[in-house]
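Participant:
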Amino acid sequence: MSYLTAFPELLASAATDLSNIGSALIDANTTAAAPITTMVPAAADEISAAITALFANHAWTYQMLSRQANVFHAQFVEALSAASASYAATEAANASPLEAVVQDLLGVINAPTNALLGRPLIGDGATGTATNPNGGAGGLLFGNGGDGYSQPASSTAPGGAGGAAGLIGNGGRGGTGGAGAAGGAGGQGGFWLGNGGAGGAGGPASPTVGLNGVNGGAGGAGGAAGLWGAGGAGGHGGSAGPYSQTLPLGQPLRLSDLALNGGDGGDGGRGGWLSGPGGAAGQGGTGSTGIATLAAPGPGPTSYAFPIKNNTAGTALITIGTASGSVAVTPTSATLAPGASVIATVALSTSSTGGSVIVKSPTVFGTAGNAGSAGASGWF
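Per the UniProt record's numbering, the very first residue in the sequence shown carries number 1; after that it's consecutive.
Written out as structure tokens, the structure is:
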């Protein structure tokens, strides 16, 4: 027979270390983005412009790959954190074989305080739901706060807050926010003993919500501990989503619409006043890569024309290409001074049933969200 031994505390510590590494890498890439992607041609000739565009495209490709790596890193950290919480929850569920008997006994004990205060004396708070997203408070003496409700990708509502513990217990975890919405704050740990709940992650943008791209939601703050215990980790910021529209647009495609920002990470919760480490800071979400995806409905033959306007402060290089379908575009590239526009034409052939067009600019991209602040530790 095979056995598996897991230490949830070590998994949580590893997730915290990985989160801090990811935050440092995002800060370094963000600092380097502008100098390596915004380049001025050495002279006003075609060769200098082509060389500048080549290096700028290489820099933009690196930034795009680094953002994809950041997304994978954040997903790995989230999976590791979830694994830690899952093992801890399993340990708690298997702690007593007489759980059913204990629950019946607790029902009798908790009846007076539930009737008077709407809160049990001993027991865990209820998990948040779609109707009541915030987690319930734990028992006045013993009990963990309930976890906040995590919104689905089709929602734009913030995640539910984790419930607070009473005298002894851990705060509930904040729920994940909907598309572009903030994560819920973690619940406060027990006044005497207990850890603060982790903040919920900010919602990443979803192409099913709205036509335009969406900025990532901010991560929820980690819950504070009481006298003894660790502060909850701040939630990670949500990643920005792509700009997505269907032709005809009805308005110019503005390059600033492609610069969508990642959500800020949540602050870690304060550690116990007497003893306990502060919660880890949440990692900021990744920004957009300066890409717009435009659907060109069929059938052909038909054509669409739309203006692309550079409403940013600097000169912008844009490229226009096809992603699918029998679609032709003109022009395929352009350099736009601030305030300048170009008319792009999309033509569908007779046999085309529709397709999609990609507009991208290596000089326009969103910024990563700021990392939160780590929580303060206790006195000892």
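Ideal Cβ placement from N, Cα and C applies to all residues, glycine included.
Thinking residue 319 and residue 333 are a contact (beta carbons under 8 Å), I'd like their distance in whole angstroms, please.
Facilitator: Within the sequence shown, the letter at position 319 stands for residue 319. Within the sequence shown, the letter at position 333 stands for residue 333. Going by Cβ atoms, the distance from residue 319 to residue 333 rounds to 5 Å, so yes, they are a contact pair.
Participant: Can you say whether residue 104 is buried or exposed, counting buried as having 16 or more other CB atoms within 10 angstroms of its CB?
Facilitator: Counting from 1 along the sequence shown, the entry for residue 104 is found at position 104. Exposed is the call here.
Participant: Are there 16 or more other CB atoms within 10 angstroms of the CB of residue 379, so buried, or fewer, so exposed?
Facilitator: Working through the sequence shown from its first residue, we reach residue 379 at position 379. By the 10 Å Cβ count, residue 379 comes out exposed.
Participant: Taking only three categories from DSSP, how would you classify residue 355?
Facilitator: Taking the first residue of the sequence shown as position 1, residue 355 is located at position 355. Three-state DSSP puts residue 355 in a strand.
Participant: Would you check if the distance between the CB atom of residue 235 and the CB atom of residue 194 is smaller than 8 Å?
Facilitator: Along the sequence shown, one-based indexing puts residue 235 at 235. Along the sequence shown, one-based indexing puts residue 194 at 194. Cβ atoms of residue 235 and residue 194: not closer than 8 Å.
Participant: For residue 54, which of helix, strand or coil comes out of DSSP?
Facilitator: By one-based count along the sequence shown, residue 54 stands at place 54. Residue 54: helix per DSSP, three-state reduction.
Participant: Report buried or exposed for residue 272, applying the criterion of at least 16 other Cβ atoms within 10 angstroms of its Cβ.
Facilitator: As a position in the sequence shown, residue 272 is number 272, starting the count at 1. By the neighbour-count rule (16 or more Cβ atoms within 10 Å), residue 272 is buried.
Participant: For residue 173, is the beta carbon positioned less than 7 Å from some heavy atom of the ligand SAM?
Facilitator: Among the components of this structure there are no ligands whatsoever, and the ligand SAM is therefore not found.
Participant: May I have a chain-ordered list of the alpha helix (DSSP H) segments no shorter than 4 residues that lie completely inside the segment 236-260?
Facilitator: For the segment 236-260, not a single whole alpha helix (DSSP H) run of length 4 or above is found.
Participant: Suppose you measure from the CA of residue 367 to the CA of residue 324; what does that come to, to the nearest Å?
Facilitator: Position 367 of the sequence shown, counted from the start, is the residue given in the question as residue 367. Position 324 of the sequence shown, counted from the start, is the residue given in the question as residue 324. Roughly 28 Å between the two C-alpha positions.
Participant: How long is the line joining the alpha carbons of residue 374 and residue 128, rounded to whole angstroms?
Facilitator: Position 374 of the sequence shown holds residue 374. Position 128 of the sequence shown holds residue 128. For residue 374 and residue 128, the distance between alpha carbons rounds to 26 Å.
Participant: Okay, do the segment 339-355 and the segment 300-312 touch, 3+ Cβ pairs below 8 Å being the bar?
Facilitator: Yes: at least three Cβ pairs fall under 8 Å.
Participant: How big is the Cα-Cα spacing for residue 212 and residue 132?
Facilitator: Within the sequence shown, numbered from 1, the residue matching residue 212 stands at position 212. Within the sequence shown, numbered from 1, the residue matching residue 132 stands at position 132. Any reading at residue 212 needs caution, since the residue's pLDDT is 46, under 50, leaving its predicted position unreliable; the model's value is listed next. Taking the straight line from one Cα to the other gives about 29 Å.
Participant: Hey, quick one: how far does the beta strand (DSSP E) through residue 334 stretch, first residue to last?
Facilitator: In the sequence shown, the residue the question calls residue 334 occupies position 334. Its beta strand (DSSP E) spans residues 333-336.
Participant: Checking 8 Å against the spacing of the C-beta atoms, do residue 348 and residue 300 come in under that value?
Facilitator: Sequence index remark: in the sequence shown, residue 348 carries index 348 (1-based). Sequence index remark: in the sequence shown, residue 300 carries index 300 (1-based). Result yes, Cβ atoms of residue 348 and residue 300 sit closer than 8 Å.
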